[in-house]
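Everything below concerns the one structure shown next.
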Amino acid sequence: MPARIIGTGSALPEKVVSNQDLEKLMDTTDEWIKSRTGIEKRHIAVTETTTSMAVEAAVRAMEDAGAAAEEIDLIIVGTVSGDMCFPSTACQIQSAIKASNATAFDINAACAGFLFGLSIADAYMKSGAAKTALVVGAETLSKMMNWEDRGTCVLFGDGAGAAVVRSEEAGIISMVQGSDGARGNALVCHNREVNNPYVKNSCALDYTSMDGQAVYKFAVKTVPLAIMQALDQAGVSADQVKYFILHQANIRIIEAVAKKMSQPIEKFPTNLQECGNISAGSVPILLDFVNKEGKLNKGDKIVLAGFGAGLTWGAAVLTW
Ligand code: ACO
Numbered sequence: 067m068p069a070r071i072i073g074t075g076s077a078l079p080e081k082v083v084s085n086q087d088l089e090k091l092m093d094t095t096d097e098w099i100k101s102r103t104g105i106e107k108r109h110i111a112v113t114e115t116t117t118s119m120a121v122e123a124a125v126r127a128m129e130d131a132g133a134a135a136e137e138i139d140l141i142i143v144g145t146v147s148g149d150m151c152f153p154s155t156a157c158q159i160q161s162a163i164k165a166s167n168a169t170a171f172d173i174n175a176a177c178a179g180f181l182f183g184l185s186i187a188d189a190y191m192k193s194g195a196a197k198t199a200l201v202v203g204a205e206t207l208s209k210m211m212n213w214e215d216r217g218t219c220v221l222f223g224d225g226a227g228a229a230v231v232r233s234e235e236a237g238i239i240s241m242v243q244g245s246d247g248a249r250g251n252a253l254v255c256h257n258r259e260v261n262n263p264y265v266k267n268s269c270a271l272d273y274t275s276m277d278g279q280a281v282y283k284f285a286v287k288t289v290p291l292a293i294m295q296a297l298d299q300a301g302v303s304a305d306q307v308k309y310f311i312l313h314q315a316n317i318r319i320i321e322a323v324a325k326k327m328s329q330p331i332e333k334f335p336t337n338l339q340e341c342g343n344i345s346a347g348s349v350p351i352l353l354d355f356v357n358k359e360g361k362l363n364k365g366d367k368i369v370l371a372g373f374g375a376g377l378t379w380g381a382a383v384l385t386w
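Per our numbering, the sequence shown starts with residue 67, numbered consecutively.
Encoded structure:
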């Protein structure tokens with residue numbers, strides 16, 4: 067049986083940083099950021115960590131779903147900014163919530179991480195290997211930014227979103243994912259270099275660099291195609307979809323996708339205005355916002371879509 071989302075949760079850092087706050091830190095303006103991206107503010111971690119936000123989001127999703135920790139048999143976290151190389155964020159969530167029956171691991175599919183995680187959970191459920199899973203997207207991107215590079219740091223925020231998914235009769239109808247490693251240079255953050263007794267390199271950690279226009283072109287071309295492919299596989303028309311919940315990178319990307327799909331922009335909820343781009347966290351956080359606003363009814367058809375570094379992309383059509 068497929069995976070069905072039965073509860074959502076999210077957690078954002080307490081500190082809110084507006085575009086005006088950034089004007090005081092660097093040579094930028096509210097007008098530039100807002101007109102180019104739609105972003106007005108973002109939440110930035112001060113006391114929070116990727117794990118603490120992921121745990122908070124997971125607990126809220128379990129409360130929303132009415133799911134007990136011992137029922138969770140799979141925990142998947144999409145993240146590029148875990149607090150530790152190991153143990154994984156997923157294992158740390160397992161420990162915090164005492165989900166001792168779960169198999170737990172992280173995946174790196176950048177901004178498509180939640181979609182990739184959902185597809186793995188769906189495959190586990192269809193094979194009978196899991197019944198109730200936590201799928202989480204959690205990021206502290208602020209620690210991966212060069213705060214002297216105004217071209218990147220203004221775009222991103224921190225936060226976590228989570229969904230409890232359960233093997234049920236109706237749920238995910240179709241999913242498509244793809245990757246294009248050959249174009250991976252468009253969005254890069256290096257890990258440590260090789261450093262050992264036989265080769266000496268600096269152990270300095272790198273920051274995020276991006277070819278914004280390449281990412282923009284990739285997103286506006288690939289995302290509508292992926293969504294249409296998923297809709298086609300599901301036998302659902304775009305008109306039947308209540309909401310398209312897209313990765314929150316840039317309002318212009320979302321508007322371009324809506325236009326290409328001949329769908330009204332009102333069907334594309336956004337929270338990038340107050341959250342910025344939270345990579346793997348964006349889709350589940352927005353899904354939680356829409357769910358908690360009471361906008362989703364049982365039986366609604368929803369599309370989720372993520373895209374980002376790798377390059378990677380994923381789209382899902384599901385019944386709420
Ligand atoms: N404030 C003021 N000026 C800035 C800022 C800033 N924060 N950042 C860059 N500029 C300047 C540049 O220095 C440049 O100045 P110059 O012409 O004097 O050299 C000018 O603005 C134009 O810079 P571009 O990078 O060409 O700006 P562009 O119009 O391409 O907009 C943006 C940049 C918003 C990133 C755009 O390329 C975009 O939307 N890309 C999509 C990628 C994206 O959203 N990435 C997010 C992460 S990836 C993901 O999640 C999928």
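C-beta: ideal position from N, C-alpha, C; glycine also.
Residue i in three-state terms, based on DSSP
{"i": "K81", "result": "coil"}
{"i": "R216", "result": "helix"}
{"i": "V349", "result": "helix"}
{"i": "V121", "result": "helix"}
{"i": "T155", "result": "helix"}
{"i": "T116", "result": "helix"}
{"i": "N343", "result": "strand"}
{"i": "K358", "result": "helix"}
{"i": "K367", "result": "strand"}
{"i": "S147", "result": "coil"}
{"i": "M210", "result": "helix"}
{"i": "A133", "result": "coil"}
{"i": "G194", "result": "coil"}
{"i": "D93", "result": "coil"}
{"i": "M67", "result": "coil"}
Selection from the options that minimises the alpha carbon distance to residue i
{"i": "P330", "options": "T117, F373, V307 and R216", "result": "V307"}
{"i": "T74", "options": "L221, G203 and L297", "result": "G203"}
{"i": "T169", "options": "A195, V146, A176 and M150", "result": "A195"}
{"i": "S348", "options": "E97, V146, M128 and Q86", "result": "V146"}
{"i": "I72", "options": "G374, L377 and G365", "result": "G365"}
{"i": "S166", "options": "G225, A252, N174 and C157", "result": "C157"}
{"i": "A111", "options": "P79, A133, K325 and K90", "result": "P79"}
{"i": "E234", "options": "L184, T198, F334 and E89", "result": "T198"}
{"i": "P68", "options": "G225, Y190 and Q299", "result": "Y190"}
{"i": "L370", "options": "L362, K358, P350 and G376", "result": "P350"}
{"i": "I320", "options": "Q299, D305, H256 and N343", "result": "N343"}
{"i": "M211", "options": "D224, L200 and V201", "result": "D224"}
{"i": "S161", "options": "A381, A135 and L181", "result": "A135"}
{"i": "T103", "options": "D272, A322 and A300", "result": "A322"}
{"i": "A417", "options": "N316, V254, M327 and A280", "result": "No answer is possible for residue 417: the residues shown for the chain start at 67 and end at 386."}
{"i": "G250", "options": "Q314, M150 and A280", "result": "A280"}
{"i": "H256", "options": "D246, R216 and A270", "result": "A270"}
{"i": "A324", "options": "S240, F310, K358 and N262", "result": "F310"}
{"i": "Q339", "options": "L181, V220 and K164", "result": "V220"}
{"i": "I267", "options": "T385, A176 and R258", "result": "Sequence check: residue 267 is Asn here, not Ile. The option with the nearest alpha carbon to N267 is R258."}
{"i": "P290", "options": "F334, A346 and I142", "result": "F334"}
{"i": "H313", "options": "S84, C177 and V83", "result": "C177"}
Buried versus exposed call for residue i [16 or more other C-beta atoms within 10 Å across all chains shown]
{"i": "Y264", "result": "exposed"}
{"i": "R232", "result": "buried"}
{"i": "F152", "result": "exposed"}
{"i": "Q86", "result": "exposed"}
{"i": "D354", "result": "buried"}
{"i": "E122", "result": "buried"}
{"i": "K367", "result": "buried"}
{"i": "S76", "result": "buried"}
{"i": "K107", "result": "buried"}
{"i": "M119", "result": "buried"}
{"i": "V260", "result": "exposed"}
{"i": "E205", "result": "buried"}
{"i": "D130", "result": "buried"}
{"i": "T95", "result": "exposed"}
{"i": "T113", "result": "exposed"}
{"i": "L91", "result": "exposed"}
{"i": "A248", "result": "exposed"}
Residue(s) in a DSSP beta bridge with residue i
{"i": "E205", "result": "G225"}
{"i": "W379", "result": "G244 and F373"}
{"i": "A199", "result": "L140 and V231"}
{"i": "N257", "result": "In DSSP, N257 forms no bridge with anything."}
{"i": "K107", "result": "S84"}
{"i": "G73", "result": "V230"}
{"i": "V265", "result": "N262"}
{"i": "I238", "result": "L384"}
Minimum length 3: unbroken beta strand (DSSP E) runs contained in the segment 270-336: The beta strand (DSSP E) runs of length 3 or more contained entirely in the segment 270-336 are, from start to end of the chain, 309-312.
Uninterrupted alpha helix (DSSP H) stretches inside the segment 160-186 (no shorter than 4 residues): Fully enclosed alpha helix (DSSP H) runs of 4 or longer: not present.
Chain-ordered list of residues that sit, by beta carbon, closer than 7 Å to a heavy atom of the ligand NAD: Ligands in the displayed structure: the ligand ACO; the ligand NAD is not one of them.
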